[in-house]
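Numbering (full-length UniProt numbering), first residue to last: 1 to 422.
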């Protein structure tokens with residue numbers, strides 16, 4: 001048995017061994033979200049219907065938001081073509097419904113098993129697939145290659161976990177990349193990482209981060225007013241809230257409110273335990289903010305951008321604890337002074353760019369966060385100058401979605417020429 005067959009066998013055995021767990025998790029998610037379609041489609045069972053012309057896969061909420069400007073320009077250039085967007089989470093499905101045009105269809109991408117992915121391709125028969133960011137499912141890429149469905153990776157990035165995977169897993173990734181028509185990476189370093197992993201040099205290009213286009217100038221965001229000036233701790237992770245609150249209280253700014261928007265609102269009970277004894281109000285419970293409120297927990301979906309728009313200062317979570325950071329471009333685009341912690345591994349190029357433009361503040365510890373809070377709240381001119389630099393940096397790059405579409409038309413001329421003349 002050669003190495004390729006051994007790798008495939010190991011992968012198939014692993015997926016088969018995980019199926020009881022995956023099946024239970026899928027059933028639980030379907031029940032929790034009251035979404036029977038989720039369970040059915042994740043196992044490759046789709047109801048009959050019309051095929052799709054273009055297919056874009058965005059794993060969950062973040063990828064859907066990143067894809068929104070590209071979807072907009074696809075719809076403008078190819079208005080007669082049916083676009084299908086797939087996700088793997090119910091929250092991603094909600095984002096498709098809430099964020100993308102009503103003409104966009106949604107389906108769940110099946111689990112990475114040969115029969116399921118083949119059923120997906122037979123059902124929708126897309127002319128091409130655009131894969132957002134990091135998805136390298138071996139069975140899916142092989143099935144698309146066998147079916148003659150070209151794939152392009154958009155806004156491609158590779159996490160340290162992907163790059164550090166076992167050798168046999170990296171070989172599977174390399175074969176997936178060899179079956180890809182083109183890789184459009186978000187940075188030069190990501191481009192080189194894809195090439196090292198197995199992508200073809202001649203079809204791998206650095207385009208830029210499409211998330212620079214997430215907030216376009218013609219789409220204003222309505223701020224949420226709370227009756228008091230406030231700072232936002234956005235997309236915080238487990239254990240991070242108590243660190244941020246300690247820093248906030250050390251800054252000693254009782255005239256401002258701290259709004260915490262957790263990355264996962266279902267963690268509310270754990271957050272309340274961590275912050276026990278403080279004067280809190282919780283948005284999901286419709287608790288009002290008073291002059292005595294110290295902390296406001298905004299444990300709701302879909303409101304982060306509106307809280308950022310109303311804030312005087314933003315701390316981006318997932319960065320004071322080792323979670324790789326969260327997308328800092330939305331507050332930057334809104335002209336906010338942004339503070340991040342030391343752990344921005346998933347946004348290294350964006351962080352470096354904004355630091356070069358004096359458009360962001362990166363701190364190394366909880367103690368430094370307290371100092372940053374104090375400084376920016378005491379000196380509005382400094383935070384306004386930083387916010388304006390951030391806004392300018394993003395706006396100079398807001399045509400990135402159009403550049404991606406130009407690159408796709410170059411990489412896949414047969415597909416897009418046929419679309420344009422269909």
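Even for Gly, the Cβ is constructed at its ideal location relative to N, Cα and C. Predicted model, so just to flag it, every value in this text is computed and none were measured.
Rounded to a whole number of angstroms, what is the C-alpha to C-alpha distance between residue i and residue j?
i           : j           : result
residue 243 : residue 366 : 6 Å
residue 277 : residue 188 : 48 Å
residue 161 : residue 333 : 29 Å
residue 93  : residue 108 : 8 Å
residue 223 : residue 314 : 14 Å
residue 171 : residue 411 : 24 Å
residue 408 : residue 393 : 25 Å
residue 27  : residue 252 : 47 Å
residue 264 : residue 236 : 8 Å
residue 99  : residue 149 : 27 Å
residue 285 : residue 234 : 19 Å
residue 378 : residue 191 : 42 Å
residue 121 : residue 414 : 19 Å
residue 316 : residue 403 : 28 Å
residue 272 : residue 254 : 20 Å
residue 421 : residue 175 : Because residue 421 sits at a pLDDT of 49, beneath the cut-off of 50, its placement in the model cannot be relied upon, and the point is left open.
residue 363 : residue 127 : 47 Å
residue 103 : residue 306 : 25 Å
residue 33  : residue 41  : 14 Å
residue 51  : residue 58  : 19 Å
residue 72  : residue 179 : 27 Å
residue 131 : residue 151 : 7 Å
residue 303 : residue 383 : 23 Å
residue 396 : residue 17  : 49 Å
residue 30  : residue 22  : 12 Å
residue 144 : residue 380 : 54 Å
residue 267 : residue 75  : 37 Å
residue 5   : residue 24  : 29 Å
residue 312 : residue 36  : 42 Å
residue 352 : residue 177 : 28 Å
residue 368 : residue 245 : 13 Å
residue 88  : residue 135 : 11 Å
residue 347 : residue 197 : 20 Å
residue 200 : residue 80  : 33 Å
Going along the chain, which residues of its own chain have a beta-carbon closer than 8 Å to the beta-carbon of residue i, five neighbours each way excluded?
i           : result
residue 361 : 337, 338, 339, 340, 372, 376 and 386
residue 119 : 44, 45, 46 and 110
residue 112 : 15, 137, 138, 139 and 140
residue 257 : 226, 228, 229, 230, 231, 289, 293, 294, 295 and 296
residue 390 : 331, 332, 333, 335, 336, 337, 338, 354, 357, 359 and 360
residue 49  : 123
residue 241 : 233, 260, 262, 271, 274 and 275
State the beta-bridge partners of residue i as determined by DSSP.
i           : result
residue 85  : 56 and 106
residue 313 : 231
residue 391 : According to DSSP, residue 391 bridges with nothing at all.
residue 236 : 262
residue 296 : 259 and 281
residue 132 : 154
At the 9 Å Cβ level, is residue i part of the contact set with chain D, yes or no?
i           : result
residue 340 : The structure shown has no chain D; it contains just one protein chain.
With a CB to CB cut of under 7 Å and the five nearest residues on each side skipped, what residues in its chain are close to residue i?
i           : result
residue 95  : 61, 64 and 65
residue 193 : 158 and 163
residue 7   : 168, 171 and 172
residue 11  : 138 and 172
residue 90  : 29, 33, 35 and 38
Would residue i be called buried (16 or more neighbouring beta carbons within 10 Å of its own) or exposed?
i           : result
residue 326 : buried
residue 211 : buried
residue 19  : exposed
residue 53  : buried
residue 38  : buried
residue 350 : buried
residue 209 : buried
residue 269 : exposed
residue 2   : exposed
residue 9   : exposed
residue 83  : buried
residue 318 : buried
residue 370 : buried
residue 142 : buried
residue 291 : exposed
With a CB to CB cut of under 6 Å and the five nearest residues on each side skipped, what residues in its chain are close to residue i?
i           : result
residue 322 : 343
residue 441 : The question about residue 441 has no answer here: the residues shown for the chain are numbered 1 through 422.
residue 182 : 152, 203 and 411
residue 374 : 251
residue 309 : 221, 223 and 334
residue 259 : 230, 232, 296, 298 and 307
residue 106 : 85, 93 and 96
Quick check: does the Cβ of residue i come within less than 8 Å of any heavy atom belonging to the ligand FAD?
i          : result
residue 79 : The ligand FAD is not part of this structure, which contains no ligands at all.
In chain order, which continuous runs of the beta strand (DSSP E) of length 3 or greater are located wholly inside the stretch 136-217?
Runs of the beta strand (DSSP E) spanning 3 or more residues and lying entirely within the stretch 136-217 occur at 151-156, 182-185 and 204-206, in chain order.
Report the start-end ranges of each beta strand (DSSP E) in the stretch 11-59 that is 3 residues or longer and not cut off at the edges.
For the stretch 11-59, whole beta strand (DSSP E) runs of length 3 or above, ordered along the chain, are 54-57.
For a minimum of 3 consecutive residues, which ranges assigned as the beta strand (DSSP E) are wholly contained in the stretch 336-400?
Secondary structure in the stretch 336-400: the beta strand (DSSP E) runs of 3 residues or longer, each lying completely within the stretch, are 338-340 in chain order.
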